[in-house]
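Chains as they are written, first to last, in our numbering: chain A, 1 to 397; chain B, 1001 to 1352.
As structure tokens, this is what we get:
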């Protein structure tokens, strides 16, 4: 009996306090415009999620009267039992008028939440809900044209490799990851054939997938082991396609053991920090400008449901105010390779080089682009397979 | 000392221990304890939406708790409850997949619940047979089967049930809304799920208290050797207890699929099974406490999301607080047992 009494009492106290502390009518005037950020990984992961977190900070700085709230590690492995609609409800109660969901994995949850909160605006990063017509009017999609960043990554990888073997540490397999790894391959093949004048058959480009955006012990393959395996089998440059920093971390260890190897991280401008001897550079997202655009639209009442695929600012791909995609050359990149990279970027920008131009075949030999044909945005977005010349799985077996 | 005074003292000591431990941890991690408690409270019960999310977690916890009462009653440690939740989810997903093209989704929803019960029960019976026929301790069998169940889920998600063109551990394709458990969307609640839990609670209470099964489970649990003398077969009743435990756990897994996530994902069981073990132990196996304590844990689960959101604390702290809570309560419990033993030893000494 005593226990029933105890727990009853405990819960009664709990309820009573909750009632007393329930939010009263707040001060409506001079309230900031609150926007919420749902991050799939830790806010300080030196990768995908930190780039988004910094984008939010940028908005707070550049758009007066805005305030960010965020919650990180939004994935079922880290937060068992927590769902996207639940977090959105909470953010809306805290006053959020616009919510940014930063993972492909949040697609369905974000749509469900958007339907439940028609008065709140939503931006789903990397999704295609607007393209497929599944998104309600208050939901938009935003992505950066990382294809260019990945081409640059592939380019410097091929300029640097001594063995001609490049490893690509892939996350899970979907349309986004196929087009990004294919872009890296196209950049590498261009450098190999056109700049170094070597035979394409001597370039090995292997993609190995771990099964998710980051390591989940017991669920995904361990990215640390995948990278070690690359370096132990003659691959001397690893390009990371995952949200976190394993490629650079392992590369540093191997370098200390005397191996001549390099790595290219992903997503976050500061990802080369602490790895000056192995980091060739990083293709990164600069979410600030894209965020600002959507938040200003929501604040001014000019919201439109859009599918936005923002590219680099070719005048200066590293301009924090205008360029959504950038490439920061790393300390380990040689002077000559850096010079070639500058020319490559210039030619990409002025349209002299278009790597998504036929003839290009899919991995199994099926034509992707006919000779002379350039790919449309939709063709690139929805690539069905990896490209001919790449090794690794194109989809699940 | 009068009984009520002693009980009040006990409650006070337990509460004190709980707050002492958790405050200590909060202080060590540099968080103001009072505002942390306040935010957990507000974050779990501060609005109807939040309460409904608490109830969403309370449902599987209570269901698993009901099931575990049967196995604890007969003295079995059904650690395999987590895997039983998973298999319930797997069987349900299989049924719902069959219903994808169907014109009568309601029928398949109902069948998926039944399949969940079946899946959980079947998984539990394996552990039961290993115990009764193979003499394998149910703890080891259960743990092993949990790993196997997790493996099956991963294989299904990455293999036969993968989304077209995609290889991702994030989960299977989301079911169309017709195959979701009906939900009052303004309240974020699913009335059928709520009804199921309440029926489960009442049924468990009645079965354990007023039926022969309940009585026999208790008799065997208290003294398996004596049970033989009364012509009871412990092995058979162990299987019965496992069927109930697995069935309820499987139902919880089924509701996770059709009512919460609407797809199968690796973390579908969300550790509710393991958490329910704690709940039932803290309740001292008293059924009427199970929903209350489960509610408390569900509050903690939902409310603790405020720690990173408002106080910028590392979110793993919520787990640490939960652990401290359990430790504190178990600590007081152990201390009480020791006291009781010392007292009875003393009184024996007096008599002599």
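Just so you know, even glycine gets a beta-carbon here, dropped at the ideal spot from N, CA and C.
Just so we're clear, the structure is a prediction, and the values are computed from it rather than from any experiment.
C-alpha distance - residue 75/A paired with residue 108/A, whole-angstrom precision: 13 Å
Let's see if you can read the secondary structure: which residues bound the beta strand (DSSP E) around residue 70/A? 66-71
Return helix, strand or coil for residue 143/A, following the three-state DSSP convention. Residue state, collapsed to three classes: strand.
Return the first residue and the last residue of the alpha helix (DSSP H) that residue 347/A is part of. Residues 335-349.
Give me the DSSP bridge partner(s) of residue 207/A. 168/A
Residues bridged to residue 367/A (per DSSP): 361/A
Determine the chain B residues that contact residue 172/A at a beta-carbon separation under 8 Å, and present them in chain order. 1166, 1167, 1168, 1169, 1170
Along chain B, in chain order, which residues have C-beta atoms closer than 8 Å to that of residue 220/A? 1169
Compute the beta-carbon to beta-carbon distance between residue 1270/B and residue 1089/B, rounded to the nearest angstrom, for a pair I have assumed lies under 8 Å. About 10 Å separates the two Cβ atoms, so there is no contact after all.
With distances taken from CA atoms, which of 1274/B, 1232/B, 1169/B is nearest residue 1252/B? 1274/B
Is the beta carbon of residue 87/A sitting closer than 8 Å to the one on residue 38/A? In terms of Cβ geometry, residue 87/A and residue 38/A form a close pair [threshold 8 Å].
Give a yes or no on whether 8 Å exceeds the smallest Cβ distance from residue 271/A to chain B. Chain B, which has no Cβ nearer than 8 Å to the Cβ of residue 271/A, makes this no.
Going along the chain, which residues of the region 51-74 of chain A sit with their C-beta nearer than 9 Å to a C-beta in chain B? 69, 70, 71, 72, 73
Please report whether the beta-carbon of residue 1185/B lies at a distance below 8 Å from any beta-carbon of chain A. yes
Below 8 Å CB to CB, which residues in the same chain sit around residue 1224/B once its five sequence neighbours on both sides are set aside? 1075, 1234
Is there a C-beta anywhere in chain A that falls below 8 Å from the one on residue 1154/B? yes
What did DSSP end up calling residue 284/A once you bin it into helix, strand or coil? In the three-state reduction of the DSSP assignment, residue 284/A falls in the strand class.
Buried or exposed for residue 1052/B, going by 16 or more other Cβ atoms inside 10 Å? buried
Taking the CB atoms as reference points, tell me whether residue 400/A and residue 1169/B lie closer together than 8 Å. Because chain A is modelled from 1 through 397, residue 400/A falls outside the range shown and cannot be assessed.
Using a Cβ-Cβ cut-off of 8 Å (strictly less than) and excluding sequence neighbours within five positions of residue 1332/B, which residues of its own chain qualify? Close CB contacts of residue 1332/B within its chain, under the 8 Å cut and outside five residues either way in sequence, are with 1010, 1013, 1014, 1017 (chain order).
Could you check where the alpha helix (DSSP H) with residue 1105/B kicks off and where it finishes? Secondary structure note for residue 1105/B: its alpha helix (DSSP H) is the uninterrupted segment 1105-1132.
Residue 52/A - containing alpha helix (DSSP H), residue span: 48-62
Look at the Cβ atom of residue 334/A, then the Cβ atom of residue 178/A, and state whether they are nearer than 8 Å. no
Mind listing the chain B neighbours of residue 86/A? Cutoff is C-beta to C-beta under 7 Å, in chain order. 1053
Quick one, are the C-beta atoms of residue 1071/B and residue 1321/B less than 8 Å apart? no
How is residue 99/A classed by DSSP in three states: helix, strand or coil? Reduced to three states, the DSSP call for residue 99/A is strand.
Please state whether DSSP places residue 36/A in a helix, a strand or coil. strand
Please tell me whether residue 274/A has its Cβ less than 8 Å away from any Cβ of chain B. no
Closer than 8 Å at the beta carbon, the chain B residues around residue 195/A: Simply none; closest approach about 33 Å.
Under the three-state reduction of DSSP, which class applies to residue 237/A: helix, strand or coil? strand
Start and end of the beta strand (DSSP E) containing residue 125/A? Looking at the DSSP string, the run of the beta strand (DSSP E) that includes residue 125/A is 121-125.
Residue 312/A and residue 325/A - do their beta-carbons sit closer together than 8 Å? yes
Is the CB of residue 206/A under 8 Å away from at least one CB in chain B? no
Specify whether the region 195-210 of chain A and the region 155-172 of chain A touch according to this definition: at least 3 beta carbon pairs, one from each stretch, less than 8 Å apart. Touching, yes.
Do we get a CB-CB distance below 8 Å when we pair residue 1146/B with the residues of chain A? no
Interface flag, residue 80/A vs chain C, CB-CB below 8 Å: Checking the listed chains, one finds no chain C in this structure; the protein chains it contains are A and B.
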